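Colleague:
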Amino acid sequence: MAFATHLARQIINAIALLTAVLVLNFCLIHLAPGDPVQVIAGEMGGASAEVVAALRAKYGLDQSLMQQLSIYLGNVAVGDFGYSYYFNQPVLGLILQRLPATLYLTLCALSAALAIGTMLGVVSARRPNGLFSHAVTVVSLAGYAAPIFWTGLLLLLLFGSVWPILPVVGMADVVNPKHGFAYVLDVGRHLVLPSLTLALVFIAQYSRLARVNMIEALSADYVRTARAKGLPEWLVVGKHALRNTLIPIVTVAGHQFGNLFAGAVLVETVFSWPGMGRLVFDSILRRDYPTLMAVLFFSALMVMTANIVTDMIYRLVDPRIRTGRR
Amino acid sequence: MTIETSSPMAAPQIDLSAPAAVPPWRLALRQFMKSPSGVAGAGMLLLIILVAVIGPSLYPVDPLDLVGAPFMPPDADAWFGTDYLGRDVLAGLIHGGRATLAVGAVAALITIAIGLVIGAVSGFFGGAIDAIMVKITEFFQILPPLLFAMVLVTLFGPKLTTITLAIGGVSWTSVARLTRAEFLRLRDLDFVKASRAAGASSANLILRVLLPNALPAVIVSATLAIGVAILFEGGLSFLGLGDPNVMSWGLMLGQNRNYILDAWWAVMFPGAAIFLAVLAISLVGDGLNDAINPRLRRRS
Numbered sequence: 000m001a002f003a004t005h006l007a008r009q010i011i012n013a014i015a016l017l018t019a020v021l022v023l024n025f026c027l028i029h030l031a032p033g034d035p036v037q038v039i040a041g042e043m044g045g046a047s048a049e050v051v052a053a054l055r056a057k058y059g060l061d062q063s064l065m066q067q068l069s070i071y072l073g074n075v076a077v078g079d080f081g082y083s084y085y086f087n088q089p090v091l092g093l094i095l096q097r098l099p100a101t102l103y104l105t106l107c108a109l110s111a112a113l114a115i116g117t118m119l120g121v122v123s124a125r126r127p128n129g130l131f132s133h134a135v136t137v138v139s140l141a142g143y144a145a146p147i148f149w150t151g152l153l154l155l156l157l158f159g160s161v162w163p164i165l166p167v168v169g170m171a172d173v174v175n176p177k178h179g180f181a182y183v184l185d186v187g188r189h190l191v192l193p194s195l196t197l198a199l200v201f202i203a204q205y206s207r208l209a210r211v212n213m214i215e216a217l218s219a220d221y222v223r224t225a226r227a228k229g230l231p232e233w234l235v236v237g238k239h240a241l242r243n244t245l246i247p248i249v250t251v252a253g254h255q256f257g258n259l260f261a262g263a264v265l266v267e268t269v270f271s272w273p274g275m276g277r278l279v280f281d282s283i284l285r286r287d288y289p290t291l292m293a294v295l296f297f298s299a300l301m302v303m304t305a306n307i308v309t310d311m312i313y314r315l316v317d318p319r320i321r322t323g324r325r
Numbered sequence: 000m001t002i003e004t005s006s007p008m009a010a011p012q013i014d015l016s017a018p019a020a021v022p023p024w025r026l027a028l029r030q031f032m033k034s035p036s037g038v039a040g041a042g043m044l045l046l047i048i049l050v051a052v053i054g055p056s057l058y059p060v061d062p063l064d065l066v067g068a069p070f071m072p073p074d075a076d077a078w079f080g081t082d083y084l085g086r087d088v089l090a091g092l093i094h095g096g097r098a099t100l101a102v103g104a105v106a107a108l109i110t111i112a113i114g115l116v117i118g119a120v121s122g123f124f125g126g127a128i129d130a131i132m133v134k135i136t137e138f139f140q141i142l143p144p145l146l147f148a149m150v151l152v153t154l155f156g157p158k159l160t161t162i163t164l165a166i167g168g169v170s171w172t173s174v175a176r177l178t179r180a181e182f183l184r185l186r187d188l189d190f191v192k193a194s195r196a197a198g199a200s201s202a203n204l205i206l207r208v209l210l211p212n213a214l215p216a217v218i219v220s221a222t223l224a225i226g227v228a229i230l231f232e233g234g235l236s237f238l239g240l241g242d243p244n245v246m247s248w249g250l251m252l253g254q255n256r257n258y259i260l261d262a263w264w265a266v267m268f269p270g271a272a273i274f275l276a277v278l279a280i281s282l283v284g285d286g287l288n289d290a291i292n293p294r295l296r297r298r299s
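From first to last, the protein sequence lines are chains A and B. When the letters of the first sequence are read in order and numbered with numbering that gives the first Met the number 0, they come out as residues 0 to 325. When the letters of the second sequence are read in order and numbered with numbering that gives the first Met the number 0, they come out as residues 0 to 299.
#1: Look at residue 317(A) and residue 248(A) and say whether their C-beta atoms are less than 8 Å apart.
#2: What residues from the segment 153-168 of chain A come within 8 Å of chain B, judged by C-beta to C-beta, listed N to C?
#3: Distance, Cα to Cα, residue 325(A) vs residue 268(A)?
#4: So residue 189(A) is in the alpha helix (DSSP H); what residue range does that whole segment cover?
#5: What does a CB cutoff of less than 8 Å around residue 116(B) pick up in its chain, not counting 5 residues either side in sequence?
#6: Please classify residue 188(B): does DSSP put it in a helix, a strand, or coil?
#7: Looking at the strands, I want to know which residues DSSP matches up with residue 83(A).
#8: On the DSSP bridge list, what partners appear for residue 86(B)?
#9: Contact criterion: CB-CB distance below 8 Å. Does residue 176(B) meet it with respect to chain A?
#10: Where residue 199(A) and residue 212(B) are concerned, what is the direct C-alpha to C-alpha distance, given to the nearest angstrom?
#11: Determine, using beta carbons only, whether residue 121(B) and residue 133(B) come nearer to each other than 8 Å.
#12: Counting C-beta neighbours from all protein chains within 10 Å, is the total for residue 323(A) 16 or more, i.e. buried, or is it exposed?
#13: Is residue 286(B) near residue 31(B), with beta carbons less than 8 Å apart?
#14: Is residue 234(B) close to chain A, meaning its C-beta is less than 8 Å from at least one C-beta of that chain?
#15: Return the residue from the list 34(A), 104(A), 113(A), 38(A) that minimises the CA-CA distance to residue 150(B).
#16: So if I threshold CB-CB distances at 8 Å, which residues from the segment 239-256 of chain B count as touching chain A?
#17: Alpha carbon to alpha carbon, what distance is there between residue 197(A) and residue 14(A)?
#18: Any Cβ of chain B within less than 8 Å of the Cβ of residue 199(A)?
#19: In chain B, what lies closer than 8 Å to residue 257(A) by C-beta?
#20: Please check if any C-beta of chain A sits within less than 8 Å of the C-beta of residue 181(B).
#21: Which chain A residues sit within Cβ distance under 9 Å of residue 270(B)?
#22: Do you know how far the Cα of residue 268(B) is from the Cα of residue 97(B)?
#23: Please classify residue 176(B) as buried or exposed, where buried requires at least 16 other C-beta atoms within 10 Å of its C-beta.
#24: With a threshold of 16 other CB atoms inside 10 Å of the CB of residue 2(A), please say whether the residue is buried or exposed.
#25: For the segment 283-302 of chain A, which residues have a beta carbon sitting closer than 8 Å to at least one beta carbon of chain B?
#26: Along the segment 241-270 of chain A, where does the CB come closer than 9 Å to a CB of chain B? Name the residues.
#27: Can you list the residues of chain A that residue 273(B) reaches, using a CB-CB cut of under 8 Å?
#28: If the criterion is Cβ atoms closer than 8 Å, does the pair residue 283(B) and residue 37(B) meet it?
#29: My output table needs one value for residue 57(A): the three-state DSSP class, helix, strand or coil.
#30: I need the DSSP call for residue 6(B), collapsed to helix, strand or coil.
#31: Compare the C-beta of residue 217(A) with all C-beta atoms of chain B and state if any pair is closer than 8 Å.
#32: Do residue 244(A) and residue 121(A) have their CB atoms nearer than 8 Å?
#33: Quick one: is residue 257(A) buried, meaning 16 or more other Cβ sit within 10 Å of its Cβ, or exposed?
#34: Can you tell me where the alpha helix (DSSP H) with residue 155(B) in it begins and where it stops?
#35: So that I know if they touch, is there some Cβ in chain B lying closer than 8 Å to that of residue 173(A)?
#36: Taking the DSSP output, what are the residues bridged to residue 81(B)?
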């Protein structure tokens, strides 16, 4: 029951914050230099006199700001995020078309980062002063400092020209079939480099986090008890210590979805991955503001969803939070 | 009976002050010098800053000038080659460091300033003010900072000031949360209560009593904020949102990236420059963290 109430409260909070994002978008359109109608039409769009007049009428640009805001919110409420004059189609459709590609990329990168990062951290925590541990520390520092688009370009250069064994452009080969197992395999091969690039930054962070938490867990009383009981070492590390190491990593990962998405924008641009990031790049290039604004809204929506899901997982995994109050 | 008493003036001198008080920053510096990676990072950073400051006068080639044919590979004439327009890559690296480091430093200052003010006000006053500030912070947290900065720079135009303001204005939430937590922790400690009881005003308490004690926790994230800001500048320029009139490492990368297969040097060198600068900053940040926050000192 407490769980359901908590979830309900979270969702109401999310709706309030997302509405605030829409208000922010509205303010930005009006704060930007130039006539709002030009902003809505996009600088590159064919804003003919008729289009401008139609937009003025649709968004009530001759009415008061509050009335304009309520028109704007009303439009969004029925799924109308505006029209992209560059792509010549409604913004919502544009985003929904590209959402799956971005989700493949981000979720793939996130799982890889969680698995590899945790593994590196756990192994290096076993001998905190060993050679492997130092190597992991160096790699994680480098992974944190390397600009993601630069690592992407390095990999693109390596696998596109020096050692061409993996595809570096797009999501699937034009000549390959677009259905069945062959298609899945094709997309999978195209996914390797972009998701690896995106994962590297997060592998760096998670391995550091896993290392610190594992070192702490291994010196805790419950681990000593488990060892004293005579449990084999792999069970002590793999079950008892790992569980407590994972909780903070999952929390951090869940709350970093915004960074993951922003990273995807850069990675998709490098590898021409046809997702929302690539859409952002094209919209920036064409000054296609309605699309850009809608992407900002949808990214906030994804961040909120990730936060709520993380919070729920956290509550399920950690009984102290489920029963007690935070 | 006379007791031999010496006059009070001649009483044996007892030093009541603490034994050789060392200022805390000195202790931290001493601790910092013990970390080889921190010192190496500081050395690297100083070198990079030095090149950016005096390099342009030692190598007075205009980074925006066309000095040769496009895509000239590194050779004796142009050590780092030329880019897609025939501009000298080395000149870009030396001159571009100025803009990149300046954007990083100023944006980080803005980040810290906003974060400190919101965090301090929130943690100090509590109650309704805290609730409002926490909501504002929460709101900014759901907007991916880099994406938000992209929107701002696209709307308001890619000028160096806009870029700096946008980067500084979007990434302050972690500083605010950290400051708030520190203020909440410190607020109820005895020395703060004593100052309050002695009649210190709120401004005085915040600025003179709480802030100096909260700073150590914030200083590390302040350092890291410079690195993040440099990466953001790079990311924005990479997407075509760099100031085309000011050479920066990010701009070099962004303008040359389409020609990477023809001229890897025009992309790899500026990327490496960003990488080294951010690496140096994070090494310094790590060293500072170990030196300032003994609680968090690595157990290894």
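Beta carbons are placed, not taken as given, at the ideal position from N, Cα and C, and that holds for glycine. Given the structure is predicted, the values throughout are model-derived calculations rather than measurements.
Modeller: In this structure, then:
#1: no
#2: 153, 155, 156, 159, 160
#3: Because residue 325(A) sits at a pLDDT of 41, beneath the cut-off of 50, its placement in the model cannot be relied upon, and the point is left open.
#4: 179-217
#5: none
#6: coil
#7: 88(A)
#8: 65(B)
#9: no
#10: 36 Å
#11: yes
#12: With a pLDDT of only 46 at residue 323(A), under 50, the local geometry of the prediction cannot be trusted, and no value is derived from it.
#13: yes
#14: yes
#15: 38(A)
#16: 239, 240, 252, 256
#17: 29 Å
#18: no
#19: 140, 141, 142, 143, 144, 146
#20: no
#21: 145, 146, 148, 149, 150, 152, 153
#22: 16 Å
#23: buried
#24: exposed
#25: 283, 284, 286, 288, 291, 292, 294, 295, 298, 299, 302
#26: 254, 256, 257, 258, 259, 260, 261, 262, 264, 265, 268, 269
#27: 146, 149
#28: yes
#29: helix
#30: Summary for residue 6(B): the model assigns pLDDT 49, below 50, so the residue's position carries little reliability; its value from the coordinates is reported in the next sentence. The answer is coil: DSSP assigns residue 6(B) none of H, G, I, E or B.
#31: no
#32: yes
#33: buried
#34: 144-155
#35: no
#36: 87(B)
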